[in-house]
Each structure stands twice: as structure tokens, then as C-alpha cells.
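Everything below concerns the one structure shown next.
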Amino acid sequence: MRRSDQRRDAVFVSYQRDVTGRPLDELVTDAKPLTRELAEGVEEAREELDETIAEHLRGGWTVDRIAPLDLNVMRVALFEIEEGETPYEVAIDEAVEIAKEYCGADAPKFINGVLGAIVREREPAG
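Numbers 22 to 147, taken from the working numbering, label the letters of the sequence shown in order.
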């Protein structure tokens, strides 16, 4: 299974966790290693990820206004960015592609903008 498919699966596991309230262990029982790693990482870092996302929202947006699927796309990408093993360009591109496929029409641009703002803030000047 491709890494991009496992990222997508991690987004859906995290989304299902939010929407159904089912325990994460139950949702990742048959998951591939990367899917499990990302979903568990997002679960553990959820509060910090949401705080970082919230700090970069504009136009009166708050985390609780973001569609659950869109939010989980950003959480998984941001978790990968913060882990440092995946280049931020890859994490953002994968997030945008997932959003194009599964989220609303405005989601890819929104997700790209938020994640891009986070990365720009963290990049060293010059």
C-alpha cells in the first residue's frame, strides 16, 4: 500500500474517531503501520495540533468551525510536518490532494493556506 493511501486512511481513522467517538484502538485494528503511526500521533498531539492550526486561521475562523474531515486532513499533515521525517512540501501536497478528492470545493485552498502559513512561520529567515 502506498504511503499516500496510508495517509488518507489515517485521515479517515481520525475523522471516524471524531464523528463516532469510537476508541482509536478499535479503528486501527487492521491498519497498516504508517496509518496506525499517524492516527496514534494525531490522537496524542490533538490539542497541540489544534492550537497551532487555530493560531494560523484568519477571517474569524475557529477550529470548531472547520469541517471535521478538513480538520483531520490538516492534523495529519501537520503531525507529519512536526515529526520532521516527511518534507513539508510532501505533507502539504498530500493534504491538498486528499482535500481535492474528499472535501468541499474550497477546502484544498483553505488547507494549503493554513499549512503554508504554519511552515512559513517556522522557516528560518533568508
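Ideal Cβ placement from N, Cα and C applies to all residues, glycine included.
Closest Cα partner of residue i within the set the options
| i | options | result |
| --- | --- | --- |
| Asp91 | Leu48, Glu58, Ala60, Ile132 | Ile132 |
| Glu144 | Leu70, Ile87, Gly81, Tyr109 | Tyr109 |
| Glu58 | His77, Gly42, Leu136, Val32 | Val32 |
| Asp46 | Leu55, Val34, Val40 | Val34 |
| Ile113 | Ala52, Gly62, Ala126, Ala138 | Ala138 |
| Val140 | Met95, Ile119, Ala120 | Met95 |
| Gly80 | Phe100, Thr56, Gly134 | Gly134 |
| Gly105 | Arg29, Thr50, Gly62 | Gly62 |
| Ile74 | Arg23, Leu99, Gly42, Asp51 | Leu99 |
| Pro89 | Gln27, Arg23, Asp71 | Asp71 |
| Leu78 | Lys130, Glu101, Asp30 | Lys130 |
| Val97 | Gly125, Glu68, Glu76 | Glu68 |
Which of helix, strand or coil DSSP assigns to residue i
| i | result |
| --- | --- |
| Lys130 | helix |
| Glu144 | coil |
| Gly125 | coil |
Span separating the alpha-carbon of residue i from that of residue j
| i | j | result |
| --- | --- | --- |
| Tyr123 | Trp82 | 21 Å |
| Leu136 | Arg86 | 17 Å |
| Val111 | Leu48 | 25 Å |
| Gly147 | Pro44 | Because the pLDDT at Gly147 is just 48, under 50, the model does not fix this residue reliably, and the value given afterwards should be weighed accordingly. In a straight line, the C-alpha of Gly147 is about 45 Å away from that of Pro44. |
| Ser25 | Glu115 | 7 Å |
message = Please give me, in chain order, every unbroken run of the alpha helix (DSSP H) with length at least 4 that falls completely inside the stretch 22-110.
response = 24-41, 45-48, 54-76, 89-104
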